[in-house]
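Engineer:
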Amino acid sequence: MAKYKVTFMPHNKAIEVDEGLTLLDTAERAGVHIDSVCGGEGLCGECRVQILSGKVEANTDSIGFLSADEIKSGYVLACQTKIKDNLDVFVPAKGRAEEMKIISEGVPAYSSPARESLHKLPSDPARLFEPLVSKLYLQLPEPTLTDNASDISRVTRELGKKLRYPYFETSLSCLSGLAETLRENDWKVTVTVAKHDGMGRILQIEGGDTSADSYGLAVDVGTTTVVVQLVNLKTGKVVGVEGSHNLQARYGEDVISRMIYACNKGELEPVHKAVIANINNLIQTLSKEKGVDVNHINSIVAAGNTTMSHFLLGLMPCAIRLEPYVPTANIYPQLLASEVGININPHGVMEVLPSVASYIGGDTVAGILACGLADGPEVKCLIDVGTNGEIAIGNNDWIACCSASAGPAFEGGGMRWGMRATKGAIERLAIADGRVTYETIGKAKPRGVCGGGLLDALYELAKNKIIGQDGKFNTSLRDKRLIVENDVPQYILALPEETETGEAITIGEPDISNLIKAKGAMFAALKSLTDYVGMSFEQMGTIYLAGGFGNSLDINKAVAIGLLPDVDRQKIQFIGNSSVMGARMALVSVPAFEASINISKKMTNIELSNYQPFMNEFIAALFLPHTDTKLFPSVKF
Ligand code: FES
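The opening residue of the sequence shown carries number 115 in the working numbering; numbering runs sequentially from there.
This is the structure we're talking about:
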């Protein structure tokens, strides 16, 4: 088979591959990211690239996504185009993943609600800081004729004085070589123990005192990003944090596309391996940056939605997608991290925080743990705004939850100029007197608009009466920025001379409709859940807001467009990446980990896909801010 050299620009990365491979697969092998929202199915049109030189074989079915100008300029869909020649390929700015803004932490670790709720955990306060895996230095008494207990009994006897676990489980790997280790090290050893099912699980016995070298990882396995925190298990302090774009995006931007990829093609392995590679890369970077030997990392707690947890563990998630939506497991066993290919100490263990249902996962449980929703009698609310929005309402007695598919609009998906929160994305925007002012991530020239900027745009267009409350443009308005292109009214957010590509960045009626549907789905889910538990918004205490928006979401604007309820703004509090925060709490505190299991068992999931009140609420919410203006008394357009 012929081999060809493909060079991707502007990265200037070249790779030699076999004839017939798709450009999308070639880019992946070259380490070049191209947006592939539908996972390479030819359904989204997001993987546009430009052929600068060379011949390709393009699937003609895909040209419907390309304009006549694009076809003339050599644009193709990377997933539908095969290599036939040496090629130079240009990846346009919008399709590149660059310097993603990753919400790796919410609020400052030691003054956060998370920290406070950790302090409020029930039971013995002395046990609050009790990592899931501990390293203990033991000086054992030498055996005598009157005390000739076995070597391992000698170890567990001493261990029992320090850890009040009823039983210690050992493995053959701990026993082999133990006799020599004890005698060669003058009966001084360090034992690594994991709490498991109420017992101690001895993971490793090393000679001498290595107890200071004890690290763990808190991992947020998000659909869009993966975040890893390296935590010193002697102090509980975060030593470093790294995040990256989820490499699974190659198989689809959202969980549904990835499930379709894994299930329809029988290709679970690459999707599983992609997230493992993600985590391993981040571990390697952290280990190098912070000078921590990976062998000193002995534990991981990961949190993710149910599908991500399945992919992480290499479990087929097919039944999650199909009615009646059944996951393989909600509570996952403790396993050796090496079993799934994660490179830490080979004896190190991994826990995955429990899920509740197919669309309420360990990330929501982590969020509840982090914000302390289940700690006291006051009823509070947690809203995680995203492609799949999750909502939980409850207290220490009960928790009701639901999830709603808001679609990818909040992450810029399915929008003409939408993009994820990466360098060059407009994240804040205001319109006054026909002028648009904006801020971009990294202060770069604008390349597109991310979720925060899109919601700002929606609000500003409505406030300036450029669109009506139904989201339709007021075409009788005299405004130079209001144009009609291919019969679609559009508003220019950034002029051609301001942008990286030299093209105007616009927002059109279909984009606005997608945004209204997304905010409508989130609000309808929240309203359905509050009605289900028989409460009004005013009766609830704090409303915690988690998710990728981070602090780039303007609360007043989010209320004005009807995404968030019209309550006292002081009650709404950002907590950022509550998933990684909850994972860290569980990593450093056995009571917090046990609380996560109890929380998951306490949660009642309301399945909205068959829930008629949700459908009615959704229709009512497709207006700015809502068809029922009494729900938004403070909002005036
Ligand atoms: Fe190529 Fe969707 S059309 S990834």
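Backbone N, C-alpha and C define an ideal beta-carbon position, used for all residues, glycine too.
1) Counting C-beta neighbours from all protein chains within 10 Å, is the total for residue 445 16 or more, i.e. buried, or is it exposed?
2) Tell me whether residue 301 is buried or exposed, calling it buried when 16 or more other Cβ atoms sit within 10 Å of its Cβ.
3) When you compare the CB positions of residue 304 and residue 321, do they come within less than 9 Å of one another, or not?
4) What are the partner residues of residue 502, as DSSP defines its beta bridges?
5) Can we count residue 175 as close to the ligand FES, meaning its CB is less than 8 Å from some heavy atom?
6) Can you tell me which of the three DSSP states residue 407 falls into?
7) Got a sec: does the ligand FES put a non-hydrogen atom nearer than 8 Å to the Cβ of residue 151?
8) Do the region 696 to 712 and the region 477 to 490 meet, that is, are 3 or more Cβ pairs less than 8 Å apart?
9) Could you spell out the range, first to last residue, of the alpha helix (DSSP H) harbouring residue 726?
10) Where does residue 535 fall in DSSP's three states?
11) Roughly how many angstroms separate the alpha carbons of residue 200 and residue 129, rounded to a whole number?
12) Tell me whether residue 485, by its Cβ, gets closer than 8 Å to a heavy atom of the ligand FES.
13) Nearest CA to the CA of residue 125: which residue from 141, 359, 262, 731?
14) To the nearest whole angstrom, what separates the beta carbons of residue 487 and residue 415, a pair I think is in contact under 8 Å?
15) Does the separation of the CB atoms of residue 413 and residue 344 fall below 9 Å?
16) In the DSSP output, which residue or residues are listed as bridge partners for residue 621?
17) By DSSP, does residue 283 sit in helix, in strand, or in coil?
18) What do you reckon, are the CB atoms on residue 657 and residue 537 nearer than 9 Å?
19) Starting from residue 378, trace the beta strand (DSSP E) both ways and give me its first and last residue.
20) Applying the 10 Å Cβ sphere with the 16-neighbour rule, what's the burial state of residue 502?
21) Would you say the beta carbon of residue 192 comes nearer than 8 Å to a heavy atom of the ligand FES?
22) Could you tell me the alpha carbon to alpha carbon distance between residue 229 and residue 336, rounded to whole angstroms?
23) Kindly list the residues whose CB is nearer than 7 Å to the CB of residue 138, restricted to its own chain and excluding five residues on each side of it in sequence; keep chain order.
24) Quick check on DSSP: helix, strand or coil for residue 432?
25) Going by the DSSP bridge assignment, what does residue 190 pair with across the sheet?
26) State the Cα-Cα distance for the pair residue 267 and residue 284, rounded to the nearest angstrom.
27) May I have a chain-ordered list of the alpha helix (DSSP H) segments no shorter than 4 residues that lie completely inside the region 643 to 696?
28) Excluding the 5 residues preceding and the 5 following residue 231 in the sequence, name in chain order all residues of the same chain whose CB lies nearer than 6 Å to its CB.
29) Tell me, to the nearest whole angstrom, how far the beta carbon of residue 659 is from that of residue 686; I am working on the premise that it is less than 8 Å.
30) Does any heavy atom of the ligand FES sit closer than 8 Å to the C-beta of residue 156?
31) Report the residue from 574, 524, 368 whose alpha carbon sits nearest the alpha carbon of residue 564.
32) Can you tell which of 616, 438, 746 has its C-alpha closest to the C-alpha of residue 103?
33) Cβ atoms of residue 710 and residue 516: under 9 Å apart, would you say?
34) Taking the straight line between their C-alpha atoms, what separation do you get for residue 742 and residue 735?
35) If I measure Cβ to Cβ from residue 226 and keep anything under 6 Å in the same chain, skipping five residues before and after, which residues do I get?
36) For the region 538 to 614, list the alpha helix (DSSP H) runs that are entirely contained and at least 4 residues long, ordered along the chain.
Structural biologist: Let me spell this out:
1) exposed
2) buried
3) yes
4) 519
5) no
6) In the structure shown, residue 407 sits in coil (DSSP, three-state: anything other than H, G, I, E or B).
7) Yes.
8) yes
9) 726 to 734
10) coil
11) Residue 200 and residue 129 have their C-alpha atoms spaced approximately 10 Å apart.
12) In terms of side-chain proximity, the C-beta atom of residue 485 is found no nearer than 8 Å to any non-hydrogen atom of the ligand FES.
13) 141
14) So it is not a contact: roughly 19 Å between Cβ atoms.
15) no
16) 605
17) strand
18) Cβ atoms of residue 657 and residue 537: not closer than 9 Å.
19) From DSSP, residue 378 is part of no beta strand (DSSP E) but of the alpha helix (DSSP H) over 369 to 378.
20) By the neighbour-count rule (16 or more Cβ atoms within 10 Å), residue 502 is buried.
21) yes
22) Because residue 229 sits at a pLDDT of 41, beneath the cut-off of 50, its placement in the model cannot be relied upon, and the following sentence gives the value as read from the coordinates. Roughly 22 Å between the two C-alpha positions.
23) 148, 150, 154, 161, 192, 193
24) Here residue 432 sits in helix by DSSP.
25) 163
26) 10 Å
27) 669 to 674
28) For residue 231, the predicted structure reports a pLDDT of 47, less than 50, and the residue's modelled location is therefore unreliable. The matter cannot be settled from this model.
29) About 6 Å separates the two Cβ atoms, so the contact holds.
30) yes
31) 524
32) Given a span of 115 to 751 for the chain in the structure shown, any question on residue 103 remains unanswerable.
33) no
34) Approximately 8 Å between the Cα atoms of the pair.
35) A caution first: residue 226 carries a pLDDT of 39, below 50, which makes its placement in the model unreliable, though a value can still be read off. Within the same chain, residue 226 has no close Cβ partners at all.
36) The qualifying runs are 565 to 577.
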